[in-house]
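Peer 1: Just dropping this structure here.
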Amino acid sequence: MAAIAWLPIPLAILTHALWQADPVLSVLAPSGIPLPVAPPVLDAIRIFVGTLECRLDPVRHRAVDFKNRLLDTLLLPVVAPGLDPQLIAAIQQVVLHATQPIQQSILALHRDVRDCRRDVAELRRDVAEFRRDVAEARRETSGRTAQRAEMTHNHRLHSLTNAPLAHQRWVPVICLVAPSGYRVPEGLPQNWRRHPRSAADVRRMSGVTAAAWLEMHGLPQTGTRVEDQNTLMTFLMGGG
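Here is the structure:
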């Protein structure tokens, strides 16, 4: 759009009483308002148009249109007398070339922001999946723990109910004093010539020692050290 140097004033506005009474507007030339419009003139026109609208003046619609046209001219380039339009175009190209890297940087920054948002969304999905895995692992661990506890209880119950019958010579595992009338099995090492008083004592026994104590209590021998120890401990703990 070609640049303009002034904006004509409609006659109905120019001859209006409020226009003529305004000290700023009344001194304007009848040929039009020079552009770019000065801030005091623009403020006076805004007050003039606002007053007409408040009073519902018949000229208010033309005044509003005139004000809008004046505001539109503020967006148009004003060419000074004698300035070459080609020079203006060259200046615009220089400015565009200088600002192009900035625009590219802004676009790249927008892309980085989008990538960052996608990464954050993916990270949130990973965290949610990790939480689900942790919850599932906790449920599985709890189930396995309960299963192991039940198996241990059942094994313990089976051991107690299937152990050899206890007789009057049964001795508790923890006994500070050996029962009266018991005899030490023959052939035991010196450190085992006392009645076992704890499960730890039984666990430290050799296979020969455990078998000797089983024989002394009249219990059958299985032939393996661990099984003989288990049988002896079950008997001493009151398994029947």
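Residues -21 to -1, 1 to 219 in mature numbering (1 follows the signal peptide of the UniProt record, and there is no 0) are what the sequence shown spells out, letter by letter.
Note that CB positions come from ideal geometry on N, CA and C, so glycine has one too.
Would LEU(-11) pass as a contact of ARG48 if the rule is Cβ separation under 8 angstroms?
Peer 2: No. Outside cutoff.
Peer 1: Which residue's Cα is closest to the Cα of THR203: LEU215, MET184, LEU35 and GLY29?
Peer 2: The shortest Cα separation from THR203 among LEU215, MET184, LEU35 and GLY29 belongs to MET184.
Peer 1: Tell whether a beta-carbon distance below 8 angstroms holds between ILE(-9) and ALA23.
Peer 2: Taking 8 angstroms as the cut-off, the Cβ atoms of ILE(-9) and ALA23 do not count as close.
Peer 1: With 16 as the cutoff for other CB atoms within 10 Å, does PHE27 come out buried or exposed?
Peer 2: buried
Peer 1: Tell me ILE12's beta-bridge partners as DSSP assigns them.
Peer 2: For ILE12, which the question treats as bridged, DSSP gives the partners LEU(-15).
Peer 1: So what does DSSP say about GLN79, is it helix, strand or coil?
Peer 2: GLN79 falls in the helix class under three-state DSSP.
Peer 1: Label VAL6 either buried or exposed according to how many other C-beta atoms from any shown protein chain fall within 10 Å of its C-beta, with 16 as the threshold for buried.
Peer 2: Answer is exposed; the Cβ neighbour count stays below 16.
Peer 1: Along the chain, where does the alpha helix (DSSP H) containing HIS40 start, and where does it finish?
Peer 2: 39 to 52
Peer 1: Within 10 Å of its beta-carbon, does PHE109 have 16 or more other beta-carbons around it, so buried, or fewer, so exposed?
Peer 2: Exposed, since its Cβ has fewer than 16 Cβ neighbours within 10 Å.
Peer 1: Which residue's Cα is closest to the Cα of GLY186: HIS196, LEU211 and SER177?
Peer 2: Checked all of HIS196, LEU211 and SER177; the closest Cα to GLY186 is LEU211.
Peer 1: How far does the alpha helix (DSSP H) with VAL205 in it extend, from its first residue to its last?
Peer 2: 204 to 215
Peer 1: For PRO199, report the span of its alpha helix (DSSP H) as first-last.
Peer 2: Per DSSP, PRO199 belongs to no alpha helix (DSSP H) and is neither H nor E.
Peer 1: Answer with buried or exposed for ALA191, where buried requires no fewer than 16 other C-beta atoms within 10 angstroms of its C-beta.
Peer 2: buried
Peer 1: How many whole angstroms separate the CB atoms of LEU53 and PRO18, which I take to be in contact at a CB cut-off of 8 angstroms?
Peer 2: With 8 angstroms as the limit, LEU53 and PRO18 do not qualify as a contact, their Cβ atoms being about 11 angstroms apart.
Peer 1: Taking DSSP as the reference, what is the three-state secondary structure of PRO175?
Peer 2: coil
Peer 1: Per DSSP, what kind of secondary structure is LEU7 in: helix, strand or coil?
Peer 2: coil
Peer 1: Measuring straight from C-alpha to C-alpha, what distance separates LEU102 and ARG117?
Peer 2: 22 angstroms
Peer 1: Do LEU31 and ARG39 have their C-beta atoms within less than 8 angstroms of each other?
Peer 2: With contacts defined by Cβ atoms closer than 8 angstroms, LEU31 and ARG39 form a contacting pair.
Peer 1: In three-state DSSP terms, what is HIS(-6)?
Peer 2: coil
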